[in-house]
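Here is the structure we will look at.
Residue numbers (the working numbering): 1 to 461.
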C-alpha cells in the first residue's frame with residue numbers, strides 16, 4: 001500500500017537538499033545514455049570524461065554533474081573498460097582537488113544495460129572498494145515502480161511486470177525476470193543467488209527512519225539490496241537515511257534510474273518553455289528510436305502541418321556495399337532546403353527493426369545507423385530553429401559527435417521526462433536548446449506536442 005495518492009509529491013525535498021549540500025561533496029552521475037537528465041535542471045552534462053574535465057568540476061565544487069558514458073551503445077567488454085576509465089579519472093581528479101565525490105551508475109528504468117559489470121568496473125576504477133550495491137530503477141515520471149521486489153511499468157493505471165514488456169525482449173539486453181532478486185541472479189549468471197539479494201520493502205519504509213537505518217546499515221561488502229518504492233515520498237524517506245549513513249562513513253554503489261538522482265539531491269525537475277523564436281528557418285527533428293512508442297509518436301507528428309517527412313531506409317544504410325556518400329548528400333540537401341524555406345524537417349529511420357544474430361551484431365547495426373545520422377548532422381551548415389533528437393543513443397551521439405558537445409547545461413524539461421540542454425560555446429551551434437527525447441516517454445501525442453511548443457512560438461516571414 002502506498003503512502004501517497006500522488007507518486008510525485010515531494011514532502012522532504014527541501015530537507016534533503018539541505019542535507020545534500022551539507023555533505024560538501026560532488027555527486028557524479030555516470031549515464032549509460034543521455035536520458036538520466038530527465039529529472040534535473042541547471043546542472044552540467046559532460047560529453048567527455050578526461051581527468052582535466054573532472055578537475056574543472058571539482059575545482060568549482062560543482063555539487064552535481066552528469067557524464068555521458070553512452071556505454072549502452074557498446075559491446076560489454078568496451079563498456080566495462082570505459083566505466084573503469086571514468087572511475088579512474090574521477091579518483092585522480094578528486095585526489096588532486098581534495099574533493100569528496102559519490103558516483104551513481106544511472107541506467108535504464110526498464111532494466112536494459114550492463115549490470116553488474118558496469119557498476120563493478122566504475123566502483124573499482126574509482127577506488128571505492130567492495131561496497132554494497134543499492135538497486136533502485138525508479139522513474140516515477142515514466143510510471144516505473146518497484147513493489148514486493150517486482151519492477152513494473154504503469155500504463156493507463158495498470159501495473160505491467162517489466163518482463164512482460166517489449167523491453168525484456170531487447171536484442172542486446174533482454175531478460176526473463178521482473179522480480180529484481182531473480183533478475184540479479186540472472187544478470188550475474190548465478191554468481192549471486194536470488195535468496196541472497198536483500199530487500200528494503202515498502203512496509204519497512206512505512207515503519208520509519210529507524211527501521212530503514214537498521215536495514216541499510218546491516219549491509220555488508222558486495223551485498224545487493226533491492227529498494228522498493230512506488231512514490232517519491234517513499235524514496236525520499238530512504239534518501240534521508242542514506243544521507244545520515246554517508247555522513248557517518250558508510251559507502252554504497254548505486255545502480256539507479258533518473259528519479260533517485262532527483263530524490264537524493266533534493267533537486268526537482270523544472271518546466272522549460274521555448275522562447276518566442278523570430279528565426280525564419282525551419283527546425284529539425286531526428287528520430288532514431290525504433291521502439292513501438294516512438295513509432296506511434298512519429299505517426300502522430302507526421303500529420304502536423306509545416307513539416308516535411310524525410311525517411312531513411314535502414315537497409316540502404318546497413319547494406320551499402322561501398323559508400324553512403326551519395327545517399328547522405330541527397331538527405332543533406334533535402335534537410336538544408338527544408339530549413340531554408342522555413343519548413344521543419346523530420347528525419348527518421350525506417351520502422352522495421354533489423355537485428356543481428358547476437359547482441360554484438362545488433363549493437364554494430366545500431367552503431368552504423370547512428371553514425372549515418374551523426375554524419376548528416378556534421379554536414380549541416382545552418383543552425384536549425386530548434387533541434388529535437390529522439391532516442392537515447394541517437395541523441396547522445398548527435399550531441400557529442402555531431403554537434404561536438406563537450407559540455408552542456410540542463411535547462412529543464414519541456415514535458416515531464418524530456419530534458420532540454422543548452423549547447424556549450426564549443427559546439428557547432430552554441431547556445432541552441434537541444435531536446436533529448438527518450439524513446440519510451442510520453443503518450444502517442446507527446447512528440448507532436450513538443451513540436452508544437454516550438455512551432456507555435458515561431459514567427460514566419
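C-beta: ideal position from N, C-alpha, C; glycine also.
In this chain, the beta strand (DSSP E) harbouring residue 199 covers 198-200. Between residue 402 and residue 420, the beta carbon gap of about 17 Å keeps them out of contact (Cβ cut-off 8 Å). For residue 300, the secondary structure class from DSSP, reduced to helix, strand or coil, is helix. Residue 429 places its beta carbon 9 Å or farther from that of residue 344. Residue 69 is classed as buried because its beta carbon has at least 16 other beta carbons within 10 Å across all chains shown. Within the same chain, and ignoring the five residues on either side of residue 134 in sequence, the residues whose Cβ sits closer than 6 Å to its Cβ are 225, 227, 252, 254.
In the DSSP assignment, no residue is bridged to residue 360. A Cβ-Cβ separation of about 6 Å places residue 118 in contact with residue 71 under the 8 Å criterion. In the three-state reduction of the DSSP assignment, residue 132 falls in the coil class, being assigned neither a helical nor a strand state. Residue 26 and residue 35 have their C-alpha atoms some 20 Å from each other.
The shortest C-alpha to C-alpha distance from residue 66 to any of 409, 209, 437 is the one to 409.
Residue 164 has its alpha-carbon roughly 31 Å from the corresponding atom of residue 212. The residue among 64, 73, 7 with its C-alpha nearest the C-alpha of residue 17 is 64. With 16 or more neighbouring CB atoms inside 10 Å of its own CB, residue 126 falls in the buried class. For residue 156, the secondary structure class from DSSP, reduced to helix, strand or coil, is coil. Within the DSSP secondary-structure output, residue 415 pairs in a beta bridge with 418. Residue 339 sits in a helix when the DSSP states are folded into three classes. Per DSSP, the continuous alpha helix (DSSP H) segment holding residue 187 begins and ends at 180-187. Contact between the segment 264-273 and the segment 297-316 is absent: fewer than three C-beta pairs spanning the two stretches fall below 8 Å. Going by C-alpha positions, residue 146 is about 46 Å away from residue 336. Restricting attention to 263, 149, 293, 191, the CA atom closest to the CA of residue 19 is found in 263. A straight line joining the alpha-carbon of residue 136 with that of residue 210 spans about 20 Å. Short of 7 Å from the beta carbon of residue 180, and not among the five residues preceding or following it, lie these beta carbons of its own chain, in chain order: 135, 146, 149, 151, 226.
For residue 146, the enclosing beta strand (DSSP E) begins and ends at 144-147.
Taking a 10 Å sphere around the C-beta of residue 316, we find fewer than 16 other C-beta atoms and assign the residue as exposed. The three-state reading of DSSP puts residue 404 in coil, since its state is none of H, G, I, E or B.
Note on residue 293: 16 or more other CB atoms within 10 angstroms of its CB, so buried under the neighbour-count rule.
Less than 9 Å divides the Cβ of residue 105 from the Cβ of residue 256. A direct Cα-to-Cα measurement between residue 85 and residue 124 gives close to 10 Å. Across the set 129, 243, 12, the C-alpha of 243 shows the shortest separation from the C-alpha of residue 24. The segment 377-389 and the segment 328-342 touch, with no fewer than 3 CB-CB distances between them shorter than 8 Å. Contact between residue 440 and residue 110 holds, since their C-beta atoms are separated by about 7 Å, short of 8 Å.
Where residue 105 is concerned, the enclosing beta strand (DSSP E) starts and stops at 101-106. Annotated as distal: residue 385 and residue 306, with beta-carbon spacing of 9 Å or more.
For the pair residue 108 and residue 115, the Cα-to-Cα distance works out to about 11 Å.
Counted as a single uninterrupted DSSP element, the beta strand (DSSP E) harbouring residue 307 occupies residues 307-312.
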